[in-house]
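Notes follow once the structure below has been shown.
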Amino acid sequence: MNAGILGMGRYLPEKVLTNFDLEKMMDTSDEWIRTMTGIEERRIASDDCHSSDMAYEAAKAALKDAEINAEDIDLILVATVTPDQPFPTVACMLQEKLGAKKAAAMDVSAACAGFMYAMITASQFIATGAYRHVLIVGVEKLSSVTNWNDRNTAVLFGDGAGAAVIGPVSEGRGILSFELGADGTGGPHLYQNEDHIVMNGREVFKFAVRQMGESSLNVIEKAGLTLDDIDFLVPHQANIRIMEASRERLKLPVEKMAKTVHKYGNTSSASIPIAMVDAYEAGKIKDDDVLVLVGFGGGLTWGAIALRWGK
Ligand code: COA
């Protein structure tokens, strides 16, 4: 059974925080943030909007797009490092909100690579025939763990959610190959202490440029494809310079890469599905296109997928 995407959805909070707003809050500038990261603005969830609320909105949109009901879901996987609380999981809260009575539910914790981990885990249940519909969500309320006194990290992150229904698709479509990896020795470069995100930007940058390129090339090779077969790249939206380095490794033109980093910042595990929905709605992805999805994050973790679009 080939596993692929049956439908997708996303949710972004309404409140916009621009670089100019940040200039008033800390010693930074729009010029520095735009040049160094590509970010112009990001979304911030209100105090009473939690990860489970954003996940719910994105999940509802994905179910509608996939034309299935909540009762049809066999398993819910929520990738997040900012759950409402340690437990119950966001996945269980989402199961209750949706009324997905049949679904098993758990969270997946792999930081910004979380959506890749969730998608590949989901696809195994589909490939074996054990389940027919797995709802996966990447959701983060990073504003709740941002240190607003640390300009090195505060300018980078945003809140949001993206969701997909993973299920069986026709021969030749869906996930063609994947790679997942982790390097715990890099843990000290990006972590959350009791309250906040702490980051060694230089080290994370170097790791990201190297790993995003290598993983992308690895999944292309594993799928028996060449660079000429690749139609579109969906990189984790952390920093435009990291994204551009991946795009150049794949020799793709600018218009063949999903880009939302300028308007939403880095939404961690939500960034890849949000960017995919954005590209799809803009008509940049069509049936039978071959996509490379690639992400990296704290852990350190990474994951990549080669995918032929369409049911
Ligand atoms: N505004 C203005 N100046 C800033 C700043 C900000 N928001 N943040 C840092 N600076 C300053 C530093 O203080 C430093 O000043 P100094 O030279 O006077 O000491 C200078 O800019 C360079 O800082 P540095 O951290 O060495 O820059 P960098 O080239 O590594 O770029 C990042 C910083 C964050 C843009 C870059 O490291 C990066 O994107 N890393 C990856 C981060 C990431 O993707 N994390 C999420 C992973 S999922």
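In this note's numbering, each residue's number is its place in the sequence shown (first place is 1) plus 79.
Where a beta carbon is used, it is the ideal one built from N, C-alpha and C, also for glycine.
**Request:** Decide if Arg281 is buried, meaning its Cβ has at least 16 other Cβ atoms within 10 Å, or exposed.
**Result:** Counting from 1 along the sequence shown, the entry for residue 281 is found at position 202. Arg281 comes out exposed.
**Message:** Closer than 6 Å to a non-hydrogen atom of the ligand COA - does that hold for the CB of Gly376?
**Reply:** Taking the sequence shown and counting its residues from 1, the one referred to as residue 376 is at position 297. It does: the Cβ of Gly376 is within 6 Å (strictly closer) of some heavy atom of the ligand COA.
**Prompt:** In the structure shown, what three-state DSSP assignment does Ala158 receive?
**Reply:** Here the question's residue 158 lines up with position 79 in the sequence shown. In the structure shown, Ala158 sits in a strand (DSSP, three-state: E or B).
**Message:** the ligand COA and Ala98: does any heavy atom of the ligand fall closer than 6 Å to the residue's C-beta?
**Reply:** Looking up residue 98 in the sequence shown gives position 19. Reading the sequence as shown, one finds Asn at residue 98 and not Ala. The answer is no for Asn98.
**Distance between Ser131 and Met185 (C-alpha atoms, nearest Å)** = Taking the sequence shown and counting its residues from 1, the one referred to as residue 185 is at position 106. Taking the sequence shown and counting its residues from 1, the one referred to as residue 131 is at position 52. In a straight line, the C-alpha of Met185 is about 13 Å away from that of Ser131.
**Asked** In the DSSP assignment, what residue or residues form a beta bridge with Arg89?
**Response** Sequence index remark: in the sequence shown, residue 89 carries index 10 (1-based). Its beta-bridge partners are Gly241.
**Asked** Any chance the CB of Ala317 is under 6 Å from a heavy atom of the ligand COA?
**Response** As a position in the sequence shown, residue 317 is number 238, starting the count at 1. Yes.
**Request:** Name the residue from Asp366, Ile245, Asp151 and Met133 whose alpha carbon lies nearest to the alpha carbon of Pro162.
**Result:** Mapped onto the sequence shown, residue 162 falls at position 83. Considering only alpha carbons, the answer is Met133.
**Asked** Taking the continuous alpha helix (DSSP H) assigned at Thr346, which residues delimit it?
**Response** Numbered from 1 along the sequence shown, position 267 holds the residue referred to as residue 346. It is not in any alpha helix (DSSP H) - Thr346 carries neither H nor E in the DSSP assignment.
**Item:** Per-residue burial, Lys181 [other beta carbons within 10 Å of its own, 16 or more giving buried]
**Value:** Counting from 1 along the sequence shown, the entry for residue 181 is found at position 102. Classification of Lys181: exposed, given that the 10 Å Cβ count is below 16.
**Message:** The alpha helix (DSSP H) that contains Thr114, what's its start and end?
**Reply:** As a working note, residue 114 is residue 35 in the sequence shown. Element bounds for Thr114: Asp109 to Thr116.
**Request:** Look at Arg211 and Gly389 and say whether their C-beta atoms are less than 7 Å apart.
**Result:** As a position in the sequence shown, residue 211 is number 132, starting the count at 1. As a position in the sequence shown, residue 389 is number 310, starting the count at 1. No, Cβ-Cβ distance for Arg211 and Gly389 is not below 7 Å.
**Request:** Consult DSSP for Thr380 and reduce its assignment to one of helix, strand or coil.
**Result:** Along the sequence shown, read from residue 1 onward, the residue named residue 380 stands at position 301. Looking at Thr380 - three-state DSSP - the assignment turns out to be strand.
**Item:** Backbone secondary structure at Ile276 - three-state DSSP
**Value:** Position 197 of the sequence shown holds residue 276. Of the three classes helix, strand and coil, the one that applies to Ile276 here is strand, per DSSP.
**Request:** Tell me, please, whether the region 135 to 146 touches the region 214 to 232 by the rule of three or more beta-carbon pairs shorter than 8 Å.
**Result:** yes
**Asked** Of the choices Cys128, Leu177 and Leu386, whose alpha-carbon is the least far from that of Ala141?
**Response** Here residue 141 refers to the residue found at position 62 when the sequence shown is read from its first residue. Ala141 has its Cα closest to that of Leu177, out of Cys128, Leu177 and Leu386.
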